[in-house]
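Participant: In the order they appear, the protein sequences are chains W and L. Take 1253 as the starting number for the first sequence in this note's numbering and just add one per residue. Take 472 as the starting number for the second sequence in this note's numbering and just add one per residue. All C-beta atoms in this analysis are idealised placements derived from N, C-alpha and C, irrespective of residue type, glycine included. Let me give you the structure first, and then I'll get to my questions.
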Amino acid sequence: MKKYLPYIVTLAALIAFNQSVSAQCKGFAKKLCKLELTGYIHDGNYHAAILTEGEEAELYKTFYSGQNYRLAVCGSETLPPIEFQVVDAYKNVLYDNNQHNDSGTWDFKLESSQQLKIVVKVPVSAQKTEFPNSGCVAIMFGFQDK
Amino acid sequence: MLNDSCRSGKKGQDGKEVGLEDFLSEEDIFDDIDKAKKIFYSLPSPLETAMLIKSAGATYNETVLNDLANVEKYSTNKSKALNLGIYTTDLSFACLFDQAQTSLKYMDATRRLATEMGINDAIDEETMKRLEQNLNKREIVMDIISETFLNSSSYLKENDQQEVAAIVLVGGWIEGLYIGSQMVGPNPVQGNKLVDRIAEQKLSFSIVERMLQDNKQNQLGEENRDIVELINELHSVKTAFEKIEVQTSAVKVDASDTSAVTVLKSQTKITVTPEAFAELQAAVKSLRNNFVQ
Chain W
1253 MKKYLPYIVT
1263 LAALIAFNQS
1273 VSAQCKGFAK
1283 KLCKLELTGY
1293 IHDGNYHAAI
1303 LTEGEEAELY
1313 KTFYSGQNYR
1323 LAVCGSETLP
1333 PIEFQVVDAY
1343 KNVLYDNNQH
1353 NDSGTWDFKL
1363 ESSQQLKIVV
1373 KVPVSAQKTE
1383 FPNSGCVAIM
1393 FGFQDK
Chain L
472 MLNDSCRSGK
482 KGQDGKEVGL
492 EDFLSEEDIF
502 DDIDKAKKIF
512 YSLPSPLETA
522 MLIKSAGATY
532 NETVLNDLAN
542 VEKYSTNKSK
552 ALNLGIYTTD
562 LSFACLFDQA
572 QTSLKYMDAT
582 RRLATEMGIN
592 DAIDEETMKR
602 LEQNLNKREI
612 VMDIISETFL
622 NSSSYLKEND
632 QQEVAAIVLV
642 GGWIEGLYIG
652 SQMVGPNPVQ
662 GNKLVDRIAE
672 QKLSFSIVER
682 MLQDNKQNQL
692 GEENRDIVEL
702 INELHSVKTA
712 FEKIEVQTSA
722 VKVDASDTSA
732 VTVLKSQTKI
742 TVTPEAFAEL
752 QAAVKSLRNN
762 FVQ
């Protein structure tokens, strides 16, 4: 039993670390990113994950006509400003936050309902570090009550 | 592992024929690891679903909601998850029509199911108190619903229960389809805004399918029976949606609009016959009644 002890301790530490990181991500989405939706009602969905510099994520969602939407993409302090694009089914880029001062939010409405893709990227930091930084990235949607 | 151009077997991105030199080296495989993407599928939440039905012209009818007495019946993980979604959509629907007392009762039912599923923090005493104190303030009630749903979904996703979170979402989405299609009743299909809104859900159905397929197996490759069962149960709805056509044009950003809200211009062509809609109505009703039993 003794010889397995270091492995058990390492495993327990890893599980505890993962849970702690997850809890931080949940707290980040709820307490910080949600604030970006002020003036809109958060839809209640949770899309957040730990991403590392250079990593990408994609989100697929149908947006409906007649609704005013706000998209918020947030990254934790350890990460450089998160890049995101909104792309339609024809691969047209409808919004690129690089062209809008790295804005973390975008307000939009649609004339007709569409399935869109949100492509999120954590850029590689200009400052070289021994290990790439990781942190929580959350994608949240709000709409307005009419 | 082959890149996309090799997989197509014909031409590379530059249009030239793909030869052996286009195969990847073993080192290139590590490039793919870096590019491995996290994929999210987002369905309309119960709150958004209720909002979509209301904005399409639905009126309030309490008889279409899932009976509160049914909460006693749900004993399996799958039925609890489905009905957590269903009751949350009912709660959202009642809230949007300013039905204060009904909202309170449905919040209590969702709280009970969430607790039985081990999500103790989703709706605590303080939340219930805040709800009671603000029952007549719709914006605050909507915020409470949004927060409780966020608590449930984040708890499930961060405790390796993504498949349960997916079932909750499907339950809520089907309830929205059910309420909407019941509201249409025998009214004409052509030119009916609510019918169009329901038909447009075909776009979300493809997301439902992908989300369930993604959750069919856990990280160890074990099949999740509840998800497989749910995919099979959704088959009649899939067949009905196949008889409805929803075509969308490319989107253009309206650059002339200088307001803070960007307008995305496009067209959607919806073709739905009375027969096709009746089939969808019947399939949704049967599935939803099976869920709440």
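According to DSSP, what are the bridge partners of Y512 of chain L?
Facilitator: As a position in the second sequence, residue 512 of chain L is number 41, starting the count at 1. DSSP lists W:Y1312 as partners of Y512 of chain L.
Participant: Using the Cα positions of I594 of chain L and A670 of chain L, report the straight-line distance between them to the nearest angstrom.
Facilitator: Here residue 594 of chain L corresponds to residue number 123 of the second sequence, with the count starting at 1. Here residue 670 of chain L corresponds to residue number 199 of the second sequence, with the count starting at 1. Just so you know, the alpha carbons of I594 of chain L and A670 of chain L end up roughly 33 Å apart.
Participant: Roughly how many whole angstroms lie between the Cα atoms of K549 of chain L and G692 of chain L?
Facilitator: As a working note, residue 549 of chain L is residue 78 in the second sequence. As a working note, residue 692 of chain L is residue 221 in the second sequence. Cα-Cα distance, rounded: 20 Å.
Participant: Taking E634 of chain L as the reference, which of L:I650, L:E700, L:A749 has the closest Cα?
Facilitator: Taking the second sequence and counting its residues from 1, one reaches residue 634 of chain L at position 163. Looking at the Cα atoms, L:E700 is the closest of the given residues.
Participant: Determine the extent of the beta strand (DSSP E) in which N532 of chain L is found, giving its start and end residues.
Facilitator: Numbered from 1 along the second sequence, position 61 holds the residue referred to as residue 532 of chain L. Here N532 of chain L belongs to no beta strand (DSSP E), and DSSP marks it neither H nor E.
Participant: Between which two residues does the alpha helix (DSSP H) carrying L575 of chain L extend?
Facilitator: On the second sequence, residue 575 of chain L is found 104 positions in, with the first residue counted as 1. Counting along the chain, the alpha helix (DSSP H) containing L575 of chain L begins and ends at 571-587.
Participant: Out of curiosity, what's the CA-to-CA distance linking Q738 of chain L and T598 of chain L?
Facilitator: Residue 738 of chain L sits at position 267 when you count from the first residue of the second sequence. Residue 598 of chain L sits at position 127 when you count from the first residue of the second sequence. Approximately 42 Å between the Cα atoms of the pair.
Participant: For a test of the three-state rule: what should DSSP assign to F1383 of chain W, helix, strand or coil?
Facilitator: Here the question's residue 1383 of chain W lines up with position 131 in the first sequence. In the structure shown, F1383 of chain W sits in coil (DSSP, three-state: anything other than H, G, I, E or B).
Participant: What are the partner residues of Y1342 of chain W, as DSSP defines its beta bridges?
Facilitator: On the first sequence, residue 1342 of chain W is found 90 positions in, with the first residue counted as 1. DSSP, once it has assigned bridges, lists no residue as partnering Y1342 of chain W.
Participant: Run through chain L and tell me which residues come within less than 8 Å of I1334 of chain W, C-beta to C-beta.
Facilitator: Here residue 1334 of chain W refers to the residue found at position 82 when the first sequence is read from its first residue. Near I1334 of chain W there are no residues of chain L at all, since even the closest Cβ is about 13 Å away, more than 8 Å.
Participant: Would you list the residues sitting across from L648 of chain L in a DSSP beta bridge?
Facilitator: Residue mapping note: residue 648 of chain L aligns to position 177 of the second sequence, counting from 1. The partner list for L648 of chain L (beta bridge, DSSP) is empty, contrary to what the question assumes.
Participant: The beta strand (DSSP E) that contains D561 of chain L, what's its start and end?
Facilitator: Taking the first residue of the second sequence as 1, we reach residue 561 of chain L at position 90. Counting along the chain, D561 of chain L falls outside any beta strand (DSSP E), though it belongs to the alpha helix (DSSP H) covering 548-567.
Participant: Under the rule that 16 or more other beta-carbon atoms within 10 Å means buried, what is E1329 of chain W, buried or exposed?
Facilitator: Within the first sequence, residue 1329 of chain W is the residue found at index 77, counting from 1. Exposed, by the Cβ-count rule.
Participant: Quick check: the region 750-761 of chain L against the region 1367-1384 of chain W, are there 3 or more CB pairs under 8 Å?
Facilitator: no
Participant: What are the residues of the region 537-554 of chain L that lie near chain B, defined by any Cβ-Cβ distance shorter than 7 Å?
Facilitator: Absent from the structure is chain B; the protein chains it does hold are W and L.
Participant: Taking just the CA atoms, how far does A521 of chain L sit from Q1396 of chain W?
Facilitator: Locating residue 1396 of chain W in the first sequence gives position 144, counting from the first residue. Locating residue 521 of chain L in the second sequence gives position 50, counting from the first residue. The alpha-carbon atoms of Q1396 of chain W and A521 of chain L are separated by roughly 13 Å.
Participant: Excluding the 5 residues flanking A636 of chain L on each side, which residues of the same chain have their C-beta closer than 7 Å to its C-beta?
Facilitator: By 1-based counting over the second sequence, the position of residue 636 of chain L is 165. Here the set comprises S624, L627, K628.
Participant: Span of the beta strand (DSSP E) holding L539 of chain L?
Facilitator: Along the second sequence, read from residue 1 onward, the residue named residue 539 of chain L stands at position 68. Careful: L539 of chain L lies outside any beta strand (DSSP E) and carries neither H nor E.
Participant: Could you confirm whether any beta carbon from chain W is found closer than 9 Å to the beta carbon of Y619 of chain L?
Facilitator: As a working note, residue 619 of chain L is residue 148 in the second sequence. Correcting the residue type first, residue 619 of chain L is Thr in the shown sequence and not Tyr. Yes, because at least one Cβ of chain W sits closer than 9 Å to the Cβ of T619 of chain L.
Participant: Within 9 Å of any Cβ in chain L, is that where the Cβ of T1330 of chain W sits?
Facilitator: Stepping through the first sequence from its first residue, residue 1330 of chain W is reached at position 78. By this cut-off, T1330 of chain W is not an interface position.
Participant: Using only the alpha-carbon positions, how far apart do L602 of chain L and S727 of chain L sit?
Facilitator: Here residue 602 of chain L corresponds to residue number 131 of the second sequence, with the count starting at 1. Here residue 727 of chain L corresponds to residue number 256 of the second sequence, with the count starting at 1. When rounded, the distance between both Cα atoms is 43 Å.
Participant: Helix, strand or coil for E1305 of chain W per DSSP?
Facilitator: Locating residue 1305 of chain W in the first sequence gives position 53, counting from the first residue. Coil, per DSSP.
Participant: What would DSSP say about L758 of chain L, mapped onto helix, strand or coil?
Facilitator: Residue 758 of chain L sits at position 287 when you count from the first residue of the second sequence. Helix at L758 of chain L.
Participant: To the nearest angstrom, report how far apart M654 of chain L and E646 of chain L are at their CA atoms.
Facilitator: Here residue 654 of chain L is taken as the residue at index 183 of the second sequence, counted from 1. Here residue 646 of chain L is taken as the residue at index 175 of the second sequence, counted from 1. Between M654 of chain L and E646 of chain L, the C-alpha separation is close to 12 Å.
Participant: Within 10 angstroms of its Cβ, does K673 of chain L collect 16 or more other Cβ (buried), or is it exposed?
Facilitator: To locate residue 673 of chain L, count along the second sequence from 1; it is residue 202. Under this definition K673 of chain L is a buried residue.
Participant: Just to confirm my understanding: we take N605 of chain L, look at its own chain, exclude 5 residues before and 5 after, and list those with CB closer than 8 Å. What are they?
Facilitator: Along the second sequence, read from residue 1 onward, the residue named residue 605 of chain L stands at position 134. Correct list, in chain order: I611, V612, I615.
Participant: Quick one: does M613 of chain L have its CB under 9 Å from some CB of chain W?
Facilitator: To locate residue 613 of chain L, count along the second sequence from 1; it is residue 142. Yes, contact with chain W.
Participant: Would you say K1361 of chain W and G1318 of chain W are within 9 Å of each other, going by their C-beta atoms?
Facilitator: In the first sequence, the residue the question calls residue 1361 of chain W occupies position 109. In the first sequence, the residue the question calls residue 1318 of chain W occupies position 66. Their beta carbons are under 9 Å apart, which means K1361 of chain W touches G1318 of chain W by this criterion.
Participant: Decide if V763 of chain L is buried, meaning its Cβ has at least 16 other Cβ atoms within 10 Å, or exposed.
Facilitator: The sequence position of residue 763 of chain L within the second sequence is 292, counting from 1. Buried, by the Cβ-count rule.
Participant: Is Y1342 of chain W buried or exposed, if buried means 16 or more other CB atoms sit within 10 Å of its CB?
Facilitator: The residue labelled residue 1342 of chain W in the question sits at position 90 within the first sequence. Around the beta carbon of Y1342 of chain W, fewer than 16 other beta carbons lie within 10 angstroms, which makes this residue exposed.
Participant: Within a Cβ cutoff of 7 Å, which residues of the same chain sit near S496 of chain L, ignoring the five residues on either side of it in sequence?
Facilitator: Reading the second sequence from its first residue, position 25 is the one you call residue 496 of chain L. Low per-residue confidence applies at S496 of chain L: pLDDT is 31, beneath 50, and the placement is therefore not dependable enough to give any value.
Participant: Figure out for me which residue from L:A552, L:L553, L:M578 has the closest Cα to the Cα of F564 of chain L.
Facilitator: Locating residue 564 of chain L in the second sequence gives position 93, where the first residue counts as 1. It is L:M578 whose Cα lies nearest to the Cα of F564 of chain L.
Participant: In this structure, what does DSSP give as the bridge partners for R1322 of chain W?
Facilitator: If you number the first sequence from 1, residue 1322 of chain W lands on position 70. In the DSSP output, where bridge partners are listed per residue, R1322 of chain W has W:D1359, W:G1394.
Participant: Among L:N761, L:Y531, L:T744, which has the Cα closest to the Cα of N663 of chain L?
Facilitator: As a position in the second sequence, residue 663 of chain L is number 192, starting the count at 1. Closest by alpha carbon: L:T744.
Participant: Look up L1368 of chain W in the DSSP assignment and say whether it is helix, strand or coil.
Facilitator: Taking the first sequence and counting its residues from 1, one reaches residue 1368 of chain W at position 116. Looking at L1368 of chain W - three-state DSSP - the assignment turns out to be strand.
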